[in-house]
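Colleague: Encoded as structure tokens, here's the structure I'll be asking about.
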Amino acid sequence: MSYQLQVPLFCSIQLLIIPFFLIFQVIPTVVYLMSRIAVHMEIEGTAQCPAQVMLAAALGCEELGITNKLLAQSVFGLWMTSPLLEVQLKPHHRPYAVRVAWSKLLDKHSHGNELEKLSDEPMTTLRRNVFFSKKDEEKIKDPRILELLYEEARHNVLLGRYVMESSHSIMLGGIQARIELGPYNSHTHSTSYFRENQFRFLPAHVAKSSSWSWLPISRRSSAEVRLLEQFKRVPTTATTKKLMRKYLEFCWALPFYGAAYFHGQVEQPVRGLTSLMQQKDLPVLIAVNERGIFVIDQIECTLLLGLKYEELSWDYAKPSNVNDPECMQCIFLQFAAVENGIAATKLMQIFTRQAAMIDALITHFTDQAKRRKESGEGEVPAGENPYEGR
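Just so you know, we're using my numbering here: the sequence shown kicks off at 2 and counts up by one.
Written as structure tokens, this is what we have:
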């Protein structure tokens with residue numbers, strides 16, 4: 002399989018011609034929060050409504066209780082998401098048009114098979130703006146904005162996207178349990194309770210690896226016992242606001258916090274007799290944020306590679322035969338390493354149909370870092386979303 006390097010390109014969402022009868026029509030719209038709460042809206046001319054206006058309308062909903070709505074519009078963005086593809090919309094994108102064009106976007110950017118793509122149903126969701134800096138986020142005082150950020154961080158922890166030691170997952174699970182269940186009650190919060198509800202508070206790979214589900218009793222080292230211990234350790238005087246902040250502070254320290262996630266695959270290293278057999282590529286998640294790029298084993302939920310932008314060089318490549326569906330675009334990551342005490346240069350090739358989006362996002366953040374360095378300023382305005390559409 003041969004590849005030719007290309008000049009970095011942005012992906013594009015083609016503008017949809019809206020039928021005249023839809024221009025002023027009100028189409029009931031739902032924006033989902035990470036807490037599974039749905040904000041129902043009716044906006045005149047829904048088909049023509051840009052994401053920026055829809056975002057402001059969702060954040061302006063009185064039930065959300067957001068005081069600083071202007072700040073919230075910088076912190077969050079509208080996303081169109083499904084198990085196959087996650088796209089942060091630019092302010093001028095029209096969510097209705099993106100939804101109508103979703104099947105074409107899946108054909109171009111997703112790894113799903115035909116049946117998966119046919120049954121895929123995207124949702125319009127409110128998520129953290131990938132371009133909002135962590136430095137600014139740590140200064141936020143608005144309790145409702147912090148609560149929304151906590152709910153998204155919790156979602157990523159439970160999904161296994163925020164890779165960490167199992168002990169840290171259990172610690173965060175204890176904080177989450179205290180937020181949702183209130184103070185420890187010996188009559189209700191037993192080992193058996195957490196045994197039955199551990200997937201509510203722990204990533205699946207932590208719960209599975211720490212428990213023998215077929216045993217009628219729990220071992221001292223099991224996930225539910227350790228989760229209960231962490232839950233009991235939370236001070237009864239701790240407020241929900243402080244606990245959410247504590248949870249976020251831990252997540253802020255993770256290098257991949259606030260990243261956009263993309264699907265891809267890498268070749269597995271083979272040795273010995275296994276080299277004679279055909280090996281399937283390893284499915285991975287590629288996390289990209291203002292700090293760097295991180296490659297995560299999607300099955301084991303472990304970090305395969307994490308690099309800051311100053312530690313790598315990259316290339317975006319298209320297959321020489323663009324008409325072959327088996328040939329995918331790819332991202333090459335080149336970085337320095339030490340093997341057996343000897344300095345070496347290594348190369349990782351990531352196959353992904355979302356390579357153009359990854360390339361555009363890396364370009365945005367590296368250019369931002371250059372401008373920051375040249376100007377001597379601590380931060381550069383994030384600007385608009387460059388990696389999906391024009």
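Glycine is no exception: its CB is placed at the ideal position from the N, C-alpha and C atoms.
So for residue 222, helix, strand or coil by DSSP?
Modeller: Coil at residue 222, not helix or strand.
Colleague: When you compare each of 50, 223, 185, 303 to residue 97 by their alpha carbons, which one comes out closest?
Modeller: Of 50, 223, 185, 303, the residue nearest in Cα terms is 50.
Colleague: Under 8 Å Cβ to Cβ from residue 300, same chain only, skipping five residues before and after it: list those, please.
Modeller: Cβ neighbours of residue 300 beyond the five flanking positions: 283, 284.
Colleague: In whole angstroms, what is the alpha-carbon distance linking residue 245 and residue 173?
Modeller: Spanning the two alpha carbons is a distance of roughly 10 Å.
Colleague: Taking one C-beta from the segment 60-80 and one from the segment 143-153 each time, how about it: are there three or more such pairs within less than 8 Å?
Modeller: At 8 Å Cβ cutoff, the stretches touch.
Colleague: Mapping the DSSP letters down to three states, classify residue 388 as helix, strand or coil.
Modeller: Note that residue 388 scores 46 on pLDDT, short of 50, meaning its location in the model is unreliable and no value can be drawn from it.
Colleague: Go through the segment 84-114 residue by residue and report every complete run of the alpha helix (DSSP H) that reaches 4 residues or more, in order.
Modeller: Complete alpha helix (DSSP H) runs here, min 4: 96-101, 103-110.
Colleague: Using the three-state DSSP reduction, which class does residue 78 fall into: helix, strand or coil?
Modeller: The answer is strand: DSSP assigns residue 78 an E or B state.
Colleague: Tell me, which residues are paired with residue 237 by DSSP?
Modeller: According to DSSP, which records beta bridges pairwise, residue 237 is partnered with nothing at all.
Colleague: Would residue 331 pass as a contact of residue 350 if the rule is Cβ separation under 8 Å?
Modeller: In contact: residue 331 and residue 350 (Cβ atoms closer than 8 Å).
Colleague: Buried or exposed: where does residue 341 fall if 16 or more other Cβ atoms within 10 Å of its Cβ makes it buried?
Modeller: Looking at its Cβ environment, which holds fewer than 16 other Cβ atoms inside 10 Å, residue 341 is exposed.
Colleague: Got a sec? Which residues, its chain only, sit under 8 Å from residue 153 by beta carbon, not counting five neighbours each side?
Modeller: For residue 153, where only same-chain residues beyond five positions count, the Cβ hits under 8 Å are 35, 128, 129.
Colleague: What separation, rounded to the nearest whole angstrom, lies between the Cα atoms of residue 155 and residue 337?
Modeller: C-alpha separation (whole angstroms): 34 Å.
Colleague: By alpha-carbon positions, which one of 132, 94, 101, 87 ends up nearest to residue 112?
Modeller: Looking at the Cα atoms, 87 is the closest of the given residues.
Colleague: Using C-beta distances below 7 Å, list every residue in its chain close to residue 203, excluding the 5 sequence neighbours before and after it, in chain order.
Modeller: Cβ within range, chain order: 170, 171, 174, 224, 228.
Colleague: Which residue or residues does DSSP assign as beta-bridge partners of residue 340?
Modeller: The partner list for residue 340 (beta bridge, DSSP) reads 343.
Colleague: According to DSSP, is residue 361 part of a helix, a strand, or is it coil?
Modeller: Looking at residue 361 - three-state DSSP - the assignment turns out to be helix.
Colleague: Helix, strand or coil, according to DSSP, for residue 151 in the structure here?
Modeller: Looking at residue 151 - three-state DSSP - the assignment turns out to be helix.
Colleague: For residue 343, count neighbouring Cβ atoms within 10 angstroms of its own Cβ and tell me buried if that reaches 16, exposed if not.
Modeller: Exposed, by the Cβ-count rule.
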